[in-house]
Amino acid sequence: MNDIFKTIFLFIISVNCFSQELKVFEIDSLFGYKNDAGIIIKPQYQYANEFVENKAIVYKNNKAGVINTNNKLIIPFEYNKIYFLNDSLIYVKNRTKYYHEYKCGVLNKNNQVVLPLIFSEIYLKNEKLFVEKQKDSLISETQFTDTRNIKKTYGIYDLNGKPILEPVYDWFKKIGSDTLRVSKGQYYAMVKSNGEFLTNLKYTAFGDFHNNRAAVRIDSSYGFINKSGYEIIKPQFYSVSKYYNKTTVFRKHNGQVGFMDINGKILYESVYEILRYPHLECAAARKNEKWGLIDLKGNTLVPFTHNDYIREFEGIIAFKKNNKWAIFDQKGNQLTEYKFESLFVFGSKESPSSSFWKLKENGFKESLGLVEESNKYAVINSKGEYIVPLSESKNQVFESLEKLKIR
Numbered sequence: 012m013n014d015i016f017k018t019i020f021l022f023i024i025s026v027n028c029f030s031q032e033l034k035v036f037e038i039d040s041l042f043g044y045k046n047d048a049g050i051i052i053k054p055q056y057q058y059a060n061e062f063v064e065n066k067a068i069v070y071k072n073n074k075a076g077v078i079n080t081n082n083k084l085i086i087p088f089e090y091n092k093i094y095f096l097n098d099s100l101i102y103v104k105n106r107t108k109y110y111h112e113y114k115c116g117v118l119n120k121n122n123q124v125v126l127p128l129i130f131s132e133i134y135l136k137n138e139k140l141f142v143e144k145q146k147d148s149l150i151s152e153t154q155f156t157d158t159r160n161i162k163k164t165y166g167i168y169d170l171n172g173k174p175i176l177e178p179v180y181d182w183f184k185k186i187g188s189d190t191l192r193v194s195k196g197q198y199y200a201m202v203k204s205n206g207e208f209l210t211n212l213k214y215t216a217f218g219d220f221h222n223n224r225a226a227v228r229i230d231s232s233y234g235f236i237n238k239s240g241y242e243i244i245k246p247q248f249y250s251v252s253k254y255y256n257k258t259t260v261f262r263k264h265n266g267q268v269g270f271m272d273i274n275g276k277i278l279y280e281s282v283y284e285i286l287r288y289p290h291l292e293c294a295a296a297r298k299n300e301k302w303g304l305i306d307l308k309g310n311t312l313v314p315f316t317h318n319d320y321i322r323e324f325e326g327i328i329a330f331k332k333n334n335k336w337a338i339f340d341q342k343g344n345q346l347t348e349y350k351f352e353s354l355f356v357f358g359s360k361e362s363p364s365s366s367f368w369k370l371k372e373n374g375f376k377e378s379l380g381l382v383e384e385s386n387k388y389a390v391i392n393s394k395g396e397y398i399v400p401l402s403e404s405k406n407q408v409f410e411s412l413e414k415l416k417i418r
């Protein structure tokens with residue numbers, strides 16, 4: 012019995028070594044395989060790839076197939092492109108009439124169909140097959156081009172081709188290691204990649220997660236859910252902001268605005284025309300068309316007497332009155348006179364979604380602003396101090412500013 016096991020073991024080892032030793036070579040524009048002992052598979056293919064797990068993708072007559080180390084054809088020459096997804100699954104693609112578009116499917120190594128060639132894309136992720144399906148509606152057709160209406164839907168299958176989520180969803184977005192946000196028609200839901208729905212398909216809007224909270228909307232009201240799909244704050248607000256740290260800005264349907272903590276406790280509310288994101292424990296607000304600064308309890312830090320404001324994320328705070336800018340700190344202390352004719356900050360502004368969560372992408376170690384004062388230019392920091400002194404030459408100021416960048 013031991014001799015039988017030894018024989019089987021040596022046979023397996025010899026096969027593996029044999030396949031690993033095979034290398035592609037070319038003669039007269041035909042490809043074959045050889046090892047140190049000589050030619051094993053004579054040149055006969057239009058193109059050939061290296062062997063992977065005793066299988067190799069080869070081409071003949073502009074079609075792809077798969078052979079084993081004995082040159083036995085295990086996947087016939089019926090496809091335009093072939094890729095190995097893993098040790099046992101093979102991704103096959105055939106061109107459609109449209110440039111760079113394919114019908115895609117999956118076979119196993121025994122040439123059995125796992126997924127038929129009806130998909131436009133297939134991806135292997137976390138031991139699951141994520142598929143994209145495309146449906147065309149022809150609008151018009153000419154000799155050179157077609158005008159089409161294209162609708163794509165998405166789904167998930169297991170490695171045996173069994174559907175986990177049928178490909179009927181309009182959109183997928185990964186929001187966790189095994190969690191997706193999906194949409195169908197006008198509704199969104201959160202679902203695990205094993206097909207378990209964490210929420211019903213009922214939300215008409217579904218935001219990104221920040222601090223384990225995502226804004227969701229039912230009809231015209233917003234609330235928040237966590238990554239388990241639980242509604243921490245029931246939809247009831249006219250609008251909400253993302254959670255910065257543990258605070259959001261809300262507006263009720265009656266017009267009241269305020270701050271709310273991460274568990275739904277309202278910290279402060281009042282009537283403002285505009286209330287901005289709170290950071291550094293303060294927020295810009297507008298009342299009677301004038302801007303001011305308040306803290307999270309609604310106390311006025313900078314009076315509502317200003318025509319404009321600038322806040323750089325976690326940095327410069329400035330208010331404008333009588334066409335001049337002054338610099339303030341987060342407690343409302345005025346740090347400079349109203350003396351700057353213009354102010355431009357280098358960094359992430361207060362609330363754009365592309366930069367709200369990114370403190371410093373400008374290359375400087377602190378918040379800086381280019382100011383104009385009496386037809387001269389300078390660079391200040393968040394305290395209103397001159398980092399680059401006043402100069403009549405804007406170019407000279409920019410040259411000095413460039414030297415302040417972190418290399």
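Going by our numbering, the letters in the sequence shown line up with residues 12 to 418, in that order.
Quick reminder that beta carbons are idealized off the backbone N, C-alpha and C, glycines included.
Can you tell me whether residue i is buried or exposed, with buried defined as 16 or more other CB within 10 angstroms of its CB?
i: residue 104; result: buried
i: residue 254; result: buried
i: residue 106; result: exposed
i: residue 233; result: buried
i: residue 264; result: exposed
i: residue 182; result: exposed
i: residue 43; result: buried
i: residue 408; result: buried
i: residue 439; result: What the structure shows of the chain is the stretch from 12 to 418, and residue 439 is not part of that stretch, so it cannot be assessed.
i: residue 83; result: exposed
i: residue 282; result: exposed
i: residue 10; result: Nothing can be reported for residue 10, as the shown portion of the chain is limited to 12 through 418.
i: residue 406; result: exposed
i: residue 379; result: buried
i: residue 63; result: exposed
i: residue 187; result: exposed
i: residue 394; result: exposed
What do you reckon, are the CB atoms on residue i and residue j nearer than 8 Å?
i: residue 238; j: residue 190; result: yes
i: residue 101; j: residue 139; result: no
i: residue 317; j: residue 326; result: no
i: residue 122; j: residue 78; result: no
i: residue 90; j: residue 74; result: yes
i: residue 305; j: residue 293; result: yes
i: residue 143; j: residue 165; result: yes
Using a Cβ cut-off of 8 Å (strictly closer), state whether residue i contacts chain D.
i: residue 98; result: The question asks about chain D, but that chain is absent: this structure has only one protein chain.
May I ask you to report which of helix, strand or coil DSSP gives residue i?
i: residue 377; result: coil
i: residue 160; result: strand
i: residue 282; result: coil
i: residue 412; result: helix
i: residue 407; result: helix
i: residue 64; result: coil
i: residue 207; result: coil
i: residue 32; result: helix
i: residue 89; result: strand
i: residue 288; result: coil
i: residue 18; result: Below a pLDDT of 50, predicted positions are generally treated as unreliable, and residue 18, at 40, falls in that range; the measurement from the model is reported next regardless. Of the three classes helix, strand and coil, the one that applies to residue 18 here is helix, per DSSP.
i: residue 384; result: strand
i: residue 324; result: coil
i: residue 346; result: coil
i: residue 39; result: coil
i: residue 173; result: coil
i: residue 423; result: A question about residue 423 goes unanswered here, because the residues of the chain that appear run from 12 up to 418.
i: residue 389; result: strand
Note down the Cα distance separating residue i from residue j, rounded to an integer number of angstroms.
i: residue 371; j: residue 386; result: Note on residue 371: pLDDT 49, under 50, position unreliable in the model; the coordinate value appears next. Near 29 Å, if we compare the C-alpha coordinates of residue 386 and residue 371.
i: residue 80; j: residue 177; result: 38 Å
i: residue 416; j: residue 382; result: 18 Å
i: residue 247; j: residue 226; result: 11 Å
i: residue 204; j: residue 111; result: 29 Å
i: residue 309; j: residue 261; result: 14 Å
i: residue 41; j: residue 68; result: 14 Å
i: residue 217; j: residue 230; result: 12 Å
i: residue 315; j: residue 340; result: 16 Å
i: residue 364; j: residue 287; result: With a pLDDT of 47 at residue 364, under the threshold of 50, the modelled position of that residue is not reliable, and the figure given next carries that caveat. Cα to Cα, the separation comes out at about 13 Å.
i: residue 118; j: residue 274; result: 49 Å
i: residue 279; j: residue 257; result: 14 Å
i: residue 24; j: residue 70; result: Low confidence applies here, because residue 24 scores a pLDDT of 41, under 50, leaving its location unreliable; read the following figure in that light. Near 28 Å, if we compare the C-alpha coordinates of residue 70 and residue 24.
i: residue 154; j: residue 163; result: 25 Å
i: residue 192; j: residue 170; result: 22 Å
i: residue 201; j: residue 179; result: 15 Å
i: residue 242; j: residue 328; result: 35 Å
i: residue 399; j: residue 349; result: 19 Å
i: residue 124; j: residue 99; result: 12 Å
i: residue 240; j: residue 209; result: 5 Å
i: residue 115; j: residue 228; result: 36 Å
i: residue 207; j: residue 127; result: 25 Å
i: residue 266; j: residue 353; result: 33 Å
i: residue 134; j: residue 212; result: 24 Å
Entirely within the region 93-143 and at least 3 residues each: give me those beta strand (DSSP E) ranges in chain order. Correct list: 100-106, 113-119, 124-130 and 132-136.
For a minimum of 3 consecutive residues, which ranges assigned as the beta strand (DSSP E) are wholly contained in the region 198-284? For the region 198-284, whole beta strand (DSSP E) runs of length 3 or above, ordered along the chain, are 198-203, 225-229, 232-236, 242-248, 258-262, 268-272 and 277-281.
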